[in-house]
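Sequences listed follow chains G and C, in order. Residue numbers for the first sequence follow my numbering, beginning at 1 and rising by one. Residue numbers for the second sequence follow my numbering, beginning at 1 and rising by one. All residues carry an ideal CB built from backbone N, CA and C; glycine is no exception.
Number of protein chains: 2
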Amino acid sequence: MSSITLATLAKELKLSISTVSKALHDSHEISEQTKLIVLLKAKELNYQVNPFASGLRKQKSKTIAVVIPEIDDNFFTLAINGIESVAQVKGYHVLIYLTHEDVKKEATITGLLQNGRVDGIMISISTETGDSSHFEELKSKEIPLVFFDRVVENISSPKIITNDFESGFKATEHLIENGCKRIAFLSISNTLSISNNRMKGYEDALKKYGMKYEPDLVIACDNHEEKTRSLFRKILKKKKRPDGIVASVEKLAINAYEICNELGLKIPDDVKIISFS
Amino acid sequence: MSSITLATLAKELKLSISTVSKALHDSHEISEQTKLIVLLKAKELNYQVNPFASGLRKQKSKTIAVVIPEIDDNFFTLAINGIESVAQVKGYHVLIYLTHEDVKKEATITGLLQNGRVDGIMISISTETGDSSHFEELKSKEIPLVFFDRVVENISSPKIITNDFESGFKATEHLIENGCKRIAFLSISNTLSISNNRMKGYEDALKKYGMKYEPDLVIACDNHEEKTRSLFRKILKKKKRPDGIVASVEKLAINAYEICNELGLKIPDDVKIISFS
DNA sequence: TTTATTTACGAGAACGTTTTCGTATTTTTC
DNA sequence: GAAAAATACGAAAACGTTCTCGTAAATAAA
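Here is the structure:
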């Protein structure tokens, strides 16, 4: 240990702790000359401010939390990439938490973040999230909260979303224009707004092109991967199997790919797949 | 703000701060009865210990840093998944830092972690890392350091690695057994031990099967993606192009895939690709 | 009964910063 | 030359914990 603190510097330089602190903060109260020697000594001893002391005093953590359902998803890794990148430039630190689509875990995590550990939270909620009281709690503690991708619609927080309806519409339209006659929609949740809005786009596209909306072709998936896969298997084995698939999230598309491969269905010859990611 | 501190609880309960703190830590110095009422009040007011105050006092952060080159890589996301999972169970927090294969960034990051912000660091070094003085610095500050996957060999720290040599050997052997006659090796760095050891395996496999080691078939790639891709293009356009490729890291395999696709080469008919991931 | 020992709590000192305030010295203003 | 203002620094109080002591009261041992 024996780390270098302001006191170390102060003693070495025969200055007071406050002077050293102010010098390092480039305060106008300190002469240029003193600032210089303090800065030099700080460099020499490789002084680094203690984030806990500083955080405690300033009530700022310079840290944000990113809470996401999974990390093995191109969208989320992309998001982390961007977030970390900006954070790094701005001198912020990024804590990462995975909920694995588990609301309880999600609530536990947000619970941990109420005590000043972070200055703000970016979250993409789990598919299961129905109860949103843990978000209300954060709001009541005035912790900045930003939803991205998967949002809670009835909480007034900044939300970063894609145009789900339009994209769902276009994806479906694209399949139709490429000759698909039976298009399935893979839904990840019936509570998640992104899933629902994407599905509305799907439905509207079908309607526009005069295609019948068949409930059988909307496949309600959940986080139980094996269940989802056997569902796909069943659908794709049927004589009247879909020739086009719109996946509401990447993971479902991948599973669909794998099942097609398993069943010897060629993509895109036999089945065309389009997905959000 | 107006967060609930030990003082809040103490005042409400007409107890001292120390008593409340000890009660919450289940100290033997406190009667069961007092513990109970303290615990109840803490629950009621949803008290959460302030990590900064606690960290400052205990000199423990309950936080570890994960420093990796990139996040859009299946191996690293898998690693984060596992690390976060264990951390969550153990009550630890995970900070994430991306170096983007930049040694300077890497050094800056490790510099930020010397002041007690984290209790330990897990790192997979960037391909560029030649100078390892920033790791020595961490060692000298006695900050626990664990290398994983991409390690600095001459630093005495725990290292988590795969059997690079053997895997490189087996990968190459697999291609040979499947009829490849000209096997290329995509190297990510000539300083990185994982890359070199994997290549040694590749060389040894060639030797075992009496195949000539051709320097032309060892492709030294770097982090400049476009450069790498045009390199691939050149190699794969040759009349005597490789019919098998061993990629030392996932990203190179993906680029190779894309170039094959671009050139109309069928995988695995025209070219077989095997990769570490 | 007197002396030890245990039990249950409180006072107060850290941890390392930041920041307000006070104050000697110097400089400016009239 | 006196008063006012600026300059450059230090003392000390937070921030919220944890933890070492100190110490009354209650119990046990002598």
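With 16 as the cutoff for other CB atoms within 10 Å, does residue 266 (chain C) come out buried or exposed?
The residue in question, residue 266 (chain C), is exposed, as its Cβ has fewer than 16 Cβ neighbours within 10 Å.
Inspect the CB distances between the segment 68-88 of chain C and the segment 46-58 of chain C and report whether three or more fall short of 8 Å.
These segments do not touch.
Kindly give me the distance between the Cβ atoms of residue 257 (chain G) and residue 273 (chain G), rounded to whole angstroms, as I take these residues to be in contact under 8 Å.
With a contact defined as Cβ atoms closer than 8 Å, residue 257 (chain G) and residue 273 (chain G) qualify at about 7 Å.
For residue 269 (chain C), which residues from the same chain have a beta carbon less than 6 Å from its beta carbon, with the 5 sequence-adjacent residues on both sides left out?
The answer is none, since no qualifying residue turns up.
Along chain G, which residues have their Cβ under 8 Å away from the Cβ of residue 94 (chain C)?
Contact of residue 94 (chain C) with chain G by beta-carbon distance below 8 Å involves 95, 96 and 97.
Can you round the beta-carbon distance between residue 114 (chain G) and residue 138 (chain G) to whole angstroms, since I take them to be within the 8 Å contact cut?
Cβ atoms of residue 114 (chain G) and residue 138 (chain G) come within 8 Å of each other, at about 7 Å.
Would you mind sorting residue 110 (chain G) into buried or exposed? The rule is 16 or more other CB atoms within 10 Å of its CB.
By the neighbour-count rule (16 or more Cβ atoms within 10 Å), residue 110 (chain G) is buried.
Using DSSP with H/G/I as helix, E/B as strand and the rest coil, what is residue 152 (chain G)?
DSSP places residue 152 (chain G) in coil when its eight states are reduced to three.
Residue-chain proximity (residue 84 (chain G), chain C), Cβ-Cβ < 8 Å
At least one C-beta of chain C is nearer than 8 Å to the C-beta of residue 84 (chain G).
If we define contact as Cβ-Cβ less than 8 Å, is residue 1 (chain G) a contact residue for chain C?
Low confidence applies here, because residue 1 (chain G) scores a pLDDT of 44, under 50, leaving its location unreliable; read the following figure in that light. Against chain C, the CB of residue 1 (chain G) has a partner CB under 8 Å away; the residue lies at that interface.
According to the neighbour-count rule (16 or more other Cβ atoms, all chains shown, within 10 Å of its Cβ), is residue 168 (chain G) buried or exposed?
Residue 168 (chain G) is classed as buried because its beta carbon has at least 16 other beta carbons within 10 Å across all chains shown.
Excluding the 5 residues preceding and the 5 following residue 26 (chain C) in the sequence, name in chain order all residues of the same chain whose CB lies nearer than 7 Å to its CB.
A distance below 7 Å between beta-carbons, with the five flanking residues on each side excluded, links residue 26 (chain C) to the following residues of its chain, in chain order: 35.
CA-CA distance, residue 232 (chain G) and residue 262 (chain G)?
The straight-line gap from Cα to Cα measures roughly 11 Å.
Sort G:61, G:260, G:216 and G:179 by Cα distance to residue 117 (chain G) and report the nearest one.
In this structure, G:61 is the residue among G:61, G:260, G:216 and G:179 with its C-alpha nearest to the C-alpha of residue 117 (chain G).
At 4 residues or longer, and completely inside the segment 32-85 of chain G: list those alpha helix (DSSP H) runs for me, N to C.
DSSP runs (the alpha helix (DSSP H)) wholly in the segment 32-85 of chain G: 32-45 and 51-58.
Note down, in chain order, all residues in the segment 37-52 of chain G with a beta-carbon under 8 Å from any beta-carbon belonging to chain C.
Within the segment 37-52 of chain G, the residues whose Cβ lies closer than 8 Å to some Cβ of chain C are 46, 48, 49, 50, 51 and 52, listed in chain order.
Spell out whether any CB of chain G is found under 8 Å from the CB atom of residue 116 (chain C).
Using a Cβ-Cβ cut-off of 8 Å, residue 116 (chain C) counts as an interface residue toward chain G, since at least one Cβ of chain G sits closer than that to its own.
Measure from the alpha carbon of residue 224 (chain G) to the alpha carbon of each residue in G:102, G:33 and G:45, then state which is nearest.
For the set G:102, G:33 and G:45, the Cα lying nearest the Cα of residue 224 (chain G) is the one of G:102.
Endpoints, the beta strand (DSSP E) within which residue 97 (chain C) is located:
Residue 97 (chain C): member of the beta strand (DSSP E) spanning 93-98, first to last residue.
Proximity test, Cβ basis, 8 Å: residue 77 (chain C) and chain G
At least one chain G Cβ lies under 8 Å of residue 77 (chain C).
Residue 261 (chain C) at chain G interface by Cβ criterion, 8 Å
Closer than 8 Å to the CB of residue 261 (chain C) there is not a single CB belonging to chain G.
For residue 81 (chain G), would you say it is in contact with chain C, using Cβ-to-Cβ distances shorter than 8 Å as the test?
Yes - at least one Cβ of chain C is within 8 Å of the one on residue 81 (chain G).
Residues of chain G with CB closer than 8 Å to the CB of residue 72 (chain C), please, in chain order.
Here the neighbours are 74, 77, 78 and 81.
Assuming the contact rule is C-beta atoms closer than 8 Å, residue 97 (chain G) and residue 67 (chain G) should be a hit. Round their C-beta distance to whole Å, please.
That pair is a contact at about 5 Å.
Which word fits residue 40 (chain C), buried or exposed, when buried means at least 16 other C-beta atoms lie within 10 angstroms of its C-beta?
Exposed, because fewer than 16 other Cβ atoms sit within 10 Å of the Cβ of residue 40 (chain C).
Give a yes or no on whether the minimum CB-CB distance between residue 56 (chain C) and chain G is below 8 Å.
Closer than 8 Å: yes.
Note down, in chain order, each residue of its chain lying with its Cβ closer than 6 Å to the Cβ of residue 77 (chain C), except the 5 sequence neighbours on either side.
None.
Below 8 Å on the Cβ atoms is my contact criterion, and I expect residue 201 (chain G) with residue 166 (chain G) to pass it. Report the Cβ-Cβ distance as a whole number of Å.
Indeed they touch by this definition, with Cβ atoms about 6 Å apart.
Identified DSSP bridge partners for residue 272 (chain C):
For residue 272 (chain C), which the question treats as bridged, DSSP gives the partners C:244.
Pick out the complete beta strand (DSSP E) segments inside the segment 188-261 of chain C, 3 residues or longer, and give them in chain order.
Listed in chain order, they are 218-220 and 244-247.
Can you tell me whether residue 145 (chain G) is helix, strand or coil according to DSSP?
Residue state, collapsed to three classes: strand.
Distance CB(residue 152 (chain C))-CB(residue 161 (chain C)) smaller than 8 Å:
The Cβ-Cβ distance between residue 152 (chain C) and residue 161 (chain C) does not fall below 8 Å.
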